[in-house]
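Below is one structure; the comments refer to it alone.
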Amino acid sequence: MTILVSRLVQAVVVALLVGAATFAMMRSLPGDAAWRIAAGRYGYDNVNVAAAEAVRAELGLDGPWLGAFLQWMGDLFRLDFGVSLVSGQPVIAEIGHQLGASLWLALAAVGLSLVIGPPLGILAGLRPGSLFDRVLLVVSTALKAVPQFLMALILILVLSVQLGWLPAAGYGQPRHFILPAFALALGLAAVNARIARDAMASVGAMPFYAFAQWKGLSRAQVLWRHGLRNVSVPLLTYLGLQFVLLVEGVVVIESIVGWPGIGHALVHAVFARDVPMVQGTALMLGLGFVLVNALIDLLAARIDPRGAR
Amino acid sequence: MTAAVLPRALPTGRILVAAILGLVAAFALLGPVLVPGDPFAQSLMKSLAGPEPAAPFGYDHLGRSLWHRLVHALRLSPLIALAAVATAAAAGLVLGVVAALRGGWVERLLVILADALLALPGLLMVLIVLAIMPGTATGFWAGLSLVLWVEFFRLTRATARATLASPAVQAARLLGFGWPYVLRTHLWPEIAPLMLTAAAFGTATAIMGIAALGFVSVGMRAPTPELGLMMVELLPYWREAPMALLTPVLATFALLLGLTLLAGGHRT
Amino acid sequence: MTLLSATDITVLDGAVRLVAPVSLTLNPGEPLVILGETGSGKSLLAQAIMGTLPASLRATGVVCIGGRSLPAGDRAAFRGLWGRQIAVLPQEPWLSLDPLMRAAPQVAEAHRLVRGLPGGAARDRAARDLQALGLGAASALYPHQLSGGMAQRVAIAAARAGGAPIVIADEPTKGLDAARRDDVAELLLGALARGGGLLVITHDLALARRIGGRLMVLRDGAVLETGATSAVLSAPQAAYTRELIAADPESWSRRVAPSEAGQTVLEARDLTLSRGGQRLVDGLTLELRAGRILGITGPSGCGKSSLGDALLGMLTPERGQITRARGLAPTAFQKLWQDPVAAFPRTRPLGQTLRDVARLHAAPPDRIGGLLDRLRLAPGLLARRPGSVSGGELQRLALLRAMLAKPRFIFADEPTSRLDPITQRDIIGLLADLARSDGLAIALVSHDPVLIERVADVTTCLPMQEGRKSARDAAIRRKDRGMERPAILR
Chain A
1 MTILVSRLVQ
11 AVVVALLVGA
21 ATFAMMRSLP
31 GDAAWRIAAG
41 RYGYDNVNVA
51 AAEAVRAELG
61 LDGPWLGAFL
71 QWMGDLFRLD
81 FGVSLVSGQP
91 VIAEIGHQLG
101 ASLWLALAAV
111 GLSLVIGPPL
121 GILAGLRPGS
131 LFDRVLLVVS
141 TALKAVPQFL
151 MALILILVLS
161 VQLGWLPAAG
171 YGQPRHFILP
181 AFALALGLAA
191 VNARIARDAM
201 ASVGAMPFYA
211 FAQWKGLSRA
221 QVLWRHGLRN
231 VSVPLLTYLG
241 LQFVLLVEGV
251 VVIESIVGWP
261 GIGHALVHAV
271 FARDVPMVQG
281 TALMLGLGFV
291 LVNALIDLLA
301 ARIDPRGAR
Chain B
1 MTAAVLPRAL
11 PTGRILVAAI
21 LGLVAAFALL
31 GPVLVPGDPF
41 AQSLMKSLAG
51 PEPAAPFGYD
61 HLGRSLWHRL
71 VHALRLSPLI
81 ALAAVATAAA
91 AGLVLGVVAA
101 LRGGWVERLL
111 VILADALLAL
121 PGLLMVLIVL
131 AIMPGTATGF
141 WAGLSLVLWV
151 EFFRLTRATA
161 RATLASPAVQ
171 AARLLGFGWP
181 YVLRTHLWPE
191 IAPLMLTAAA
201 FGTATAIMGI
211 AALGFVSVGM
221 RAPTPELGLM
231 MVELLPYWRE
241 APMALLTPVL
251 ATFALLLGLT
261 LLAGGHRT
Chain C
1 MTLLSATDIT
11 VLDGAVRLVA
21 PVSLTLNPGE
31 PLVILGETGS
41 GKSLLAQAIM
51 GTLPASLRAT
61 GVVCIGGRSL
71 PAGDRAAFRG
81 LWGRQIAVLP
91 QEPWLSLDPL
101 MRAAPQVAEA
111 HRLVRGLPGG
121 AARDRAARDL
131 QALGLGAASA
141 LYPHQLSGGM
151 AQRVAIAAAR
161 AGGAPIVIAD
171 EPTKGLDAAR
181 RDDVAELLLG
191 ALARGGGLLV
201 ITHDLALARR
211 IGGRLMVLRD
221 GAVLETGATS
231 AVLSAPQAAY
241 TRELIAADPE
251 SWSRRVAPSE
261 AGQTVLEARD
271 LTLSRGGQRL
281 VDGLTLELRA
291 GRILGITGPS
301 GCGKSSLGDA
311 LLGMLTPERG
321 QITRARGLAP
331 TAFQKLWQDP
341 VAAFPRTRPL
351 GQTLRDVARL
361 HAAPPDRIGG
371 LLDRLRLAPG
381 LLARRPGSVS
391 GGELQRLALL
401 RAMLAKPRFI
411 FADEPTSRLD
421 PITQRDIIGL
431 LADLARSDGL
441 AIALVSHDPV
451 LIERVADVTT
461 CLPMQEGRKS
471 ARDAAIRRKD
481 RGMERPAILR
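Protein chains in written order, with UniProt numbering: chain A, 1 to 309; chain B, 1 to 268; chain C, 1 to 490.
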């Protein structure tokens, strides 16, 4: 219960931070921002002073900043994000539109990383110091040193430009998933594997792991009945923290392969100084982190009864 | 975790780290001394031309020397990264010790703030700060510092809490030692190795971030030579001049590999 | 007919021989106790017989169990014996149960997977086993909800579920209160019914006495003497065995207090202490006088350490008063910890730490040297770090450090509970000497009532407060570092 309360506090502070940051962003828009926004909204031919003034007043671009700030935060906590400065559509609708594409990509990447990383990590953790353990250490360290955008670049060059197996960009068909999902998953898997390996090695060194074998259980039975459960708790908790890494990757990779998701939209919004869109997206991502971690807290408390204490 | 659980550090590890980082640093510092030149000078005649004595790595699509552009790029982002890490480490160290020593609402507020920042993707925060701050380099420095201090704070606070509650510190207090002595002889030896790891890791994160944003065209602006920006500029010419693209790719990988190894293979 | 015989067992670390060739036999119905101090090789010997030695060590010799003869070096061959021929009891029962599995399934799984019973029958058997040990209500609990004694019984049921006739127990009383020692002996002797065998490895003379049977005294990896347990303990042949028995608090003579009591150093009136919302001490009054030793006993978690924190000014009492004698420096109140390694900065050479203290208290330059002599410590130790000095030496160095501050009062919190008996006697003897010669007031905490009875001039027994049992178990568990969540999570 206290876990959920602290997650709630976290969510509120996340909203405050996002609100404050985007408010500062709004106030720092250059002088002709209202003009530019009006132009984006109505087309360059239709902009006049009145339209720009209307935009200026609507956004509170001038006037005392405290009142503007309170109004800004009030709107935020009523979940009123306003309309996109670029498209003129409500921010909520825009995000709803893009969220699905990003979710599928993220799920594919996480699923893939879980298939690759933890099994290899557990195998290495069962025999710490073995040749396999050391090879995995080298491979995972090298993979971790490759940023996700570089991984995407390499995969594009090798798989689509040179070999022509996969499309470099695009969306809509299952094969479009392969490249961006792998670009994200390899880095995540490298870290997953390390976490699983360290967890397995420390579980394997615990007295209860040896005792289960002394009871007469075979290695496989001990791993299955006592190893995996105990490894899963740190792994789960780590997955929650990895969410941020995943989101960063999604933002960058979507922009590279032209994936019509929330990350792509965010980069566009920052580029166009579309503050309401930035705010809505940032809040969505921050609250997504809190939600995912609250779910993981609950799951971990179910698996590990000690956590509830 | 006991030493037996962790894999033995690769015996060649230290030498490898020193060699990689030493090579990159030597290139960045001595490059223009060995081969003088200008990273911005264009010569469209030499567009995508191969290596020659004045430009040992050849030329990019605008006929600028890749050697000199790479030198500039390998000075720029590591410098920003180190400045941000230094700021973040100092802030995290001070706030972490203060939180552990004072406890109460000071600690609670700092922890809540750090936890909330942890929920926001770092690159996103950097993007927003970049939009607020006037200069791109200072924007990166401020944004990255804002993101990176959290890790230093968490490490310092956790270590300081455990150490300050230990019998060793109780003993020192009973013997009449003041807090400066306790912080210097008890806390710092425990924190220092963690700081080094976190600093190497933070520097790698910062360099990755600068390059990633450059690559998707929302970071450093052309014509500044920056690793990610160089890659995206040279990407269309992959078929004609693969080595021109591979030059910044390999340099980035070497730099990040060196820092990741320095941070220790098992850090998350 | 012998159940188990081990012939010429040696344990080697590279070329270093840790256990000299040792042979032993185990007969049905007759327990065998291997007695020795830390580093005597007794655990290594047992591990070699069970095939559980760490991978870095090598064993030679032959072990015959159940009609099969196995080379001790062939680790894999022993796997099939675990649970079926030998039941291995773990040292720390709490850490030996899977923290994420309820008690009953941890027993049932051995019935099902080792003995081959179908699932339902295995569950029934496990329920009956636990019932027989008085644990019927505990079968649905997780290990962290069990008390230490309950965890030990669950572990015994789980170890024996596979039907092994031979029970091997390595230090089964490690970390247990004196009162619980007898329960453990009772449980172990139960294994002897129906022609079973029992091998107990321990440093605990009282446990050896309770187990009886035959005794084998081990030192530096070699057998010093063997014989019937009662005979060896009443008439030891080897000098070392005599020393070991003399070091047992049971054999100490009572300390004679100085006839004249010194002045009062510290006084507590009507002291009430709470920690974490739990009432620990209620209305305690005590007085500490120079030259006197106040003994403090009580079960684990009754607030002994919190009392020390309050007397030393590190915990504010909820009610009551603590008065220090006038004119004493704040640093005249010092403490010794149970785990001396944790009481020194980990990475600083010991000499440097001591010189810092000497400088702070303006001690004359030869003060450290003089105290080293007096506490029988080699000057060479000062160059080392806390982790590479023996527990007994480090506790004496901690005493030396406290003496540099010219103390009038020392709170000694279980200072010897992790030390071997002979070292324990030395340290307690030093403390008693200091009390007399330097007029120190000492509060000595111990869970061993016999020790307190022999040494203390006045004794306070802290009772367990009502409703404190669950909190006590939580406190004990916190001290079991292994039960904490993995470091990754912090």
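Quick reminder that beta carbons are idealized off the backbone N, C-alpha and C, glycines included.
B:G202: member of the alpha helix (DSSP H) spanning W188 to F215, first to last residue. Ranked by Cα distance from C:D13, the first of C:G221, C:T285, C:L32 and C:A137 is C:G221. If you ignore the 5 residues before and after A:D297, its C-beta comes within less than 6 angstroms of the C-beta of I3, all in its own chain and listed in chain order. When C:L288, C:G277 and C:S417 are compared, the shortest CA-CA separation from C:E318 is found for C:G277. In this structure, C:E225 sits away from C:A246, with a CB-CB distance that is not shorter than 7 angstroms. Listed in chain order, the positions of the stretch 266–277 of chain A with a beta carbon within less than 8 angstroms of a beta carbon of chain B are L266, V267, V270, F271 and R273. Distance from C:P349 to C:R385 at the Cβ level is roughly 6 angstroms; contact confirmed, criterion being Cβ atoms closer than 8 angstroms. Taken atom to atom, the span from the alpha-carbon of A:G170 to that of A:L112 is near 20 angstroms.
Taking a Cβ-Cβ cut-off of 8 angstroms, C:T297 has no neighbours in chain B, whose nearest Cβ is about 21 angstroms from it. Annotated three-state conformation of B:T136 is helix, per DSSP. The beta-carbon distance between C:I9 and C:L53, rounded to whole angstroms, is 11 angstroms. This is too long to meet the 8 angstroms contact definition. When the beta-carbon positions are compared, A:L184 and A:I116 stay at least 7 angstroms from each other. In the DSSP assignment, C:K335 falls within the unbroken beta strand (DSSP E) covering F333 to L336.
For B:A171, the closest Cβ of chain C is nearer than 7 angstroms. Buried is the label assigned to C:G83, since at least 16 other Cβ atoms lie within 10 Å of its Cβ.
For C:R384, the three-state secondary structure derived from DSSP is coil. Separation of A:V138 and A:W214 (C-alpha to C-alpha, rounded to the nearest whole angstrom) is 34 angstroms. Counting C-beta atoms within 10 angstroms of its own C-beta, C:T353 has 16 or more neighbours from the protein chains shown and is therefore classed as buried. At least one beta carbon of chain B lies nearer than 7 angstroms to the beta carbon of C:P345. Considering only beta carbons, no part of the stretch 130–142 of chain B lies closer than 9 angstroms to chain C.
If you draw a straight line from the Cα of C:G298 to the Cα of C:L187, it comes to about 24 angstroms.
Per the DSSP secondary-structure output, C:W82 pairs in a beta bridge with C:I86. For the stretch 208–221 of chain A, the residues whose beta carbon sits under 9 angstroms from a beta carbon of chain C are, in order, F208, Y209, A210, F211, A212, Q213, W214, K215, G216, L217, S218, R219 and Q221.
Against chain A, a Cβ distance below 7 angstroms from C:L44 picks out nothing, because the smallest value is about 15 angstroms.
Around the beta carbon of C:K42, a 10 Å sphere encloses 16 or more other beta carbons of the protein chains shown; the residue is thus reported as buried.
Annotation: C:P21 is outside any alpha helix (DSSP H); the continuous beta strand (DSSP E) that includes it extends over V16 to L26. Think of a sphere of 8 angstroms around the beta carbon of C:M403: no beta carbon from chain B falls inside it, the nearest being about 11 angstroms out. For C:A342, the nearest beta carbon of chain B is closer than 7 angstroms to its own beta carbon.
Look at C:V389: its C-beta is not under 7 angstroms from any C-beta on chain B. Any Cβ of chain A closer than 7 angstroms to the Cβ of B:P121 would place that residue at the interface, and such an atom is present. A direct Cα-to-Cα measurement between C:A206 and B:G103 gives close to 46 angstroms.
Contacts with chain C (Cβ-Cβ distance below 7 angstroms) from the stretch 164–189 of chain B involve S166, P167, A168, Q170, A171, L174, L175, G176, F177, T185, H186 and P189, listed in chain order. A Cβ of chain C is located within less than 7 angstroms of the beta carbon of A:D304. The beta-bridge partner set that DSSP reports for A:D297 is empty. DSSP, reduced to helix, strand and coil, places B:F40 outside both helices and strands of the structure shown, so it counts as coil. When Cβ pairs closer than 8 angstroms are counted between the two stretches, the stretch 256–264 of chain A is seen not to touch the stretch 231–244 of chain A, the count staying below three.
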